[in-house]
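First comes the structure, then the notes that go with it.
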Amino acid sequence: MFKLRDKYAIVGIGNTDYTKASGRTVRSLATEASVKAIHDAGLEVADIDGMVSFNFNDSAPAMGVATEMGIEDIGYAVDYAAGGNGANLITLAACAAIEAGLAETVVCFRAMNGRSGFRLGGGRDMAAYGVTQFTAPLGWITYPQAMAMWARRHMIDYGTSPEHWAEIATTFRDNAIRNPRAMQRTPMTKDDYFNSRQIVDPFRMYDICLESDGACAVVITSAERAKDLKHKPVYIMGGAYGGGPSQGDDLFDAIRWPSHSHNCFKYIADDLWNSAGVGPEDVDVAQIYDCFTYSVLMALEGLGFCKEGEGGPFVMGGRIAKGGELPLNTAGGLLSEAYIHGFNHVLEAVEQLRGDAGDRQVENAKICLTTAGAMTCGSAMVLRN
Amino acid sequence: MNTSADSYAGPVPGPDPETQPFWDAMNQGKLMVQRCPDSGQYLFPPTTFCPGSLQTPEWTEVSGRGRVFSWIVVRHPVPRDIFADKVPYVVALIELDEGCRMTGNIIGCEPEDVRADMAVEIAFNRVAEGITLPAFRPVAD
Numbered sequence: 001m002f003k004l005r006d007k008y009a010i011v012g013i014g015n016t017d018y019t020k021a022s023g024r025t026v027r028s029l030a031t032e033a034s035v036k037a038i039h040d041a042g043l044e045v046a047d048i049d050g051m052v053s054f055n056f057n058d059s060a061p062a063m064g065v066a067t068e069m070g071i072e073d074i075g076y077a078v079d080y081a082a083g084g085n086g087a088n089l090i091t092l093a094a095c096a097a098i099e100a101g102l103a104e105t106v107v108c109f110r111a112m113n114g115r116s117g118f119r120l121g122g123g124r125d126m127a128a129y130g131v132t133q134f135t136a137p138l139g140w141i142t143y144p145q146a147m148a149m150w151a152r153r154h155m156i157d158y159g160t161s162p163e164h165w166a167e168i169a170t171t172f173r174d175n176a177i178r179n180p181r182a183m184q185r186t187p188m189t190k191d192d193y194f195n196s197r198q199i200v201d202p203f204r205m206y207d208i209c210l211e212s213d214g215a216c217a218v219v220i221t222s223a224e225r226a227k228d229l230k231h232k233p234v235y236i237m238g239g240a241y242g243g244g245p246s247q248g249d250d251l252f253d254a255i256r257w258p259s260h261s262h263n264c265f266k267y268i269a270d271d272l273w274n275s276a277g278v279g280p281e282d283v284d285v286a287q288i289y290d291c292f293t294y295s296v297l298m299a300l301e302g303l304g305f306c307k308e309g310e311g312g313p314f315v316m317g318g319r320i321a322k323g324g325e326l327p328l329n330t331a332g333g334l335l336s337e338a339y340i341h342g343f344n345h346v347l348e349a350v351e352q353l354r355g356d357a358g359d360r361q362v363e364n365a366k367i368c369l370t371t372a373g374a375m376t377c378g379s380a381m382v383l384r385n
Numbered sequence: 001m002n003t004s005a006d007s008y009a010g011p012v013p014g015p016d017p018e019t020q021p022f023w024d025a026m027n028q029g030k031l032m033v034q035r036c037p038d039s040g041q042y043l044f045p046p047t048t049f050c051p052g053s054l055q056t057p058e059w060t061e062v063s064g065r066g067r068v069f070s071w072i073v074v075r076h077p078v079p080r081d082i083f084a085d086k087v088p089y090v091v092a093l094i095e096l097d098e099g100c101r102m103t104g105n106i107i108g109c110e111p112e113d114v115r116a117d118m119a120v121e122i123a124f125n126r127v128a129e130g131i132t133l134p135a136f137r138p139v140a141d
């Protein structure tokens with residue numbers, strides 16, 4: 001269990017524009033976001049001695065970015081092989097590295113040309129190795145196809161329906177309209193949702209997140225050091241990473257997963273809340289990994305905001321909208337803001353807790369949950385101001 | 001999915017030491033999966049060590065009968081050049097009567113007619129010389 005409650009804080013955030021075609025190298029995106037985060041903290045590049053990133057496709061290596069920034073004395077540089085599940089893992093790893101004395105001030109980043117470069121899940125080698133030999137030849141290749149299999153089973157078990165997903169998609173789009181950074185700011189009605197093309201039954205186009213080019217970065221340091229920096233620190237109360245049985249090698253490797261009606265969050269919930277010393281009832285605002293509309297339900301159920309199977313009814317009636325009981329994905333989420341592999345959620349959490357979210361600001365936001373991942377493994381973090 | 005041996009342009013299974021017996025059996029019209037000699041539990045996908053017991057799994061022929069656990073209907077082809085003329089097609093997770101799950105296409109019925117827990121049996125979908133993919137077709141309950 002994460003044992004560093006309130007000992008570390010996020011002190012700076014930075015991002016590039018989110019686009020469909022950056023026309024730039026991934027490394028230059030990573031460097032831009034990292035330098036912005038460092039300056040946002042009121043620090044200089046020379047103050048940084050640790051870099052952490054994660055990647056599942058194209059990426060800028062942590063050492064490459066450190067080199068481009070001109071850091072000569074790096075104490076900790078790690079690239080985690082992780083998908084969206086890694087977005088909170090790297091922040092927790094940064095805390096662990098500082099605690100271990102490997103670094104004092106660490107930049108965590110994710111950068112990708114996710115639309116113009118390597119499109120996640122957009123196609124695979126024509127020879128299918130490992131578990132993909134049992135999936136790709138059948139035409140089961142893309143991430144929407146992978147996740148739709150889970151969503152179907154949730155529908156079978158609990159009567160979850162596209163009505164629930166439409167509520168999620170339209171709520172997040174409403175939030176994106178208030179976010180100048182968001183890629184998708186065109187208003188979306190439920191009719192628009194239901195009229196959108198069915199990509200892989202049961203998913204329509206608006207159940208599926210964007211593909212984006214861009215980068216996000218945060219700076220993490222000790223709570224003690226954070227006190228003297230530019231912004232009010234955002235403290236990391238607790239966090240957890242992991243999954244349950246049968247995580248497997250690959251996101252398609254869930255054939256042995258016990259039930260497709262719950263995912264990793266059921267298994268990390270106790271560690272998350274115990275480490276943070278709070279529970280779901282204490283959360284004011286949450287940024288939930290929404291690679292698909294449906295994944296929001298599994299996170300809410302697994303982390304105890306409602307019972308398993310009740311996620312659909314839970315999100316209805318404005319409860320997750322701005323001004324609702326539990327505002328979710330206040331920047332528009334991966335569905336409407338951008339898909340920087342979930343790391344943009346961490347930036348929005350920080351802005352909400354600083355009170356810097358402008359038109360998107362949730363009143364009296366004191367505790368924010370972030371989650372990352374949607375299937376057999378994932379990570380989550382509880383932040384406070 | 002493709003049925004003509006000459007036209008198969010899809011991803012080719014890349015057998016490895018763990019999976020070769022499965023594909024060899026498929027080509028002979030037999031469905032073989034592994035079973036843990038310790039617990040008796042059936043295992044799929046193939047593995048070198050039975051999870052938990054760490055025993056060496058045994059290959060065994062199974063009935064090929066099972067039920068639809070979950071399924072998708074692919075309508076938007078990706079990659080387009082391979083799957084454009086295949087859509088709509090169904091990929092399913094089948095819970096075999098022996099208790100483990102495996103993947104396969106559903107053939108022999110319209111995509112709209114697939115149902116949860118529908119009874120199915122194995123069909124050996126020979127898409128090219130030496131490549132037989134698992135598919136399942138509906139059977140009477």
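Sequence order for the protein chains is A and B. Numbering follows the UniProt record's numbering, in which position 171 of the first sequence is assigned residue number 171; successive positions increment by one, without gaps. Numbering follows the UniProt record's numbering, in which position 61 of the second sequence is assigned residue number 61; successive positions increment by one, without gaps. For glycine and all other residues, C-beta sits at the position ideal for the given N, C-alpha and C.
Query raised in the report: Could you give the distance in angstroms between the alpha-carbon of N2 of chain B and the alpha-carbon of V127 of chain B?
Result: With a pLDDT of 43 at N2 of chain B, under the threshold of 50, the modelled position of this residue cannot be trusted; read the value that follows with caution. If I take the Cα positions, the gap works out to 6 Å.
Query - Cα-Cα separation between residue 144 of chain B and D49 of chain A, rounded to whole angstroms - result: No information on residue 144 of chain B is available, as it lies outside the stretch 1 to 141 that chain B covers here.
Query raised in the report: What are the residues of the stretch 52-64 of chain B that lie near chain A, defined by any Cβ-Cβ distance shorter than 8 Å?
Result: none
Query raised in the report: From the beta carbon of S4 of chain B, is the nearest beta carbon of chain A less than 9 Å away?
Result: Annotation note: pLDDT 45 at S4 of chain B (below 50); position unreliable, coordinate value reported separately. False, the Cβ-Cβ gap to chain A never drops below 9 Å.
Query raised in the report: Could one say the Cβ of M1 of chain B lies closer than 9 Å to chain A's Cβ atoms, at least one of them?
Result: The predicted position of M1 of chain B is uncertain, since its pLDDT is 49 and thus under 50; a value taken from the coordinates is nonetheless stated next. It does: the Cβ of M1 of chain B has a partner Cβ on chain A nearer than 9 Å.
Query raised in the report: Can you find a C-beta in chain A that's less than 9 Å from the C-beta of S70 of chain B?
Result: yes
Requested in this report: Answer yes or no: does any C-beta atom of chain A fall closer than 9 Å to that of F44 of chain B?
Outcome: By this cut-off, F44 of chain B is an interface position.
Report task. Give the straight-line distance between the Cα atoms of E363 of chain A and E167 of chain A, rounded to the nearest whole angstrom. Result -> 22 Å
Requested in this report: Provide the residue span of the alpha helix (DSSP H) that contains S295 of chain A, from first to last.
Outcome: T293 to G302
Requested in this report: Check distances from the C-beta atoms of the stretch 128-150 of chain A to those of chain B and list, in chain order, the residues that come in under 8 Å.
Outcome: A128, Y129, G130, V131, T132, Q133, F134, T135, A136, P137, L138, G139, W140, I141, T142, Q145, A148, M149 and W150
**Report entry** Min CB distance R152 of chain A to chain B below 9 Å
**Finding:** yes
Query raised in the report: Residue range of the alpha helix (DSSP H) that A321 of chain A falls in?
Result: Premise fails: A321 of chain A is in no alpha helix (DSSP H) and is neither H nor E.
Query raised in the report: Can you give, in chain order, each stretch of the alpha helix (DSSP H) that sits fully within the stretch 137-220 of chain A and has at least 4 residues?
Result: 143-158, 162-177 and 190-195
Query - Where the beta strand (DSSP E) containing C108 of chain A begins and where it ends - result: T105 to N113 is the span of the beta strand (DSSP E), which, as asked, contains C108 of chain A.
Query raised in the report: To which residues of the same chain is A21 of chain A closer than 6 Å at the C-beta, ignoring the five residues directly before and after it?
Result: S116
**Report entry** Simplified DSSP state of V346 of chain A, which is helix, strand or coil
**Finding:** helix
Query raised in the report: Quick one: any contact between the stretch 142-161 of chain A and the stretch 259-268 of chain A, if contact means 3 or more CB pairs under 8 Å?
Result: With contact defined as three or more Cβ pairs closer than 8 Å, the stretch 142-161 of chain A and the stretch 259-268 of chain A are in contact.
Requested in this report: State yes or no: is the C-beta of W59 of chain B within less than 9 Å of the C-beta of L93 of chain B?
Outcome: In this structure, the beta-carbon distance from W59 of chain B to L93 of chain B does not fall below 9 Å.
Query raised in the report: Does any residue of chain A bring its CB to less than 9 Å from the CB of N15 of chain B?
Result: The sequence as given places Pro at residue 15 of chain B; Asn does not occur at that position. It does; some Cβ of chain A falls within 9 Å.
**Report entry** Residue(s) in a DSSP beta bridge with W71 of chain B
**Finding:** B:A92
Query raised in the report: Going straight from the alpha carbon of A5 of chain B to that of P21 of chain B, what length do you get?
Result: No answer about A5 of chain B holds up, because its pLDDT of 44 lies below 50 and its placement is not dependable.
**Report entry** Cα-Cα separation between G42 of chain A and K230 of chain A, rounded to whole angstroms
**Finding:** 5 Å
Query raised in the report: What's the C-alpha gap between I82 of chain B and V131 of chain A?
Result: Those two C-alpha atoms are separated by around 20 Å.
Report task. Taking only beta carbons into account, state which residues of the stretch 189-203 of chain A come closer than 9 Å to chain B, listed in chain order. Result -> Going along the stretch 189-203 of chain A in chain order, one finds R197, Q198, I199, V200, D201, P202 and F203 with a Cβ nearer than 9 Å to chain B.
Report task. Could you spell out where the alpha helix (DSSP H) holding M26 of chain B opens and where it closes? Result -> Q20 to N27
Query raised in the report: Beta carbon of L335 of chain A, beta carbon of Y129 of chain A: below 9 Å?
Result: no
Query raised in the report: Are any of the Cβ atoms in chain A nearer than 9 Å to that of I131 of chain B?
Result: For I131 of chain B, the answer is yes, since a Cβ of chain A falls inside 9 Å of its Cβ.
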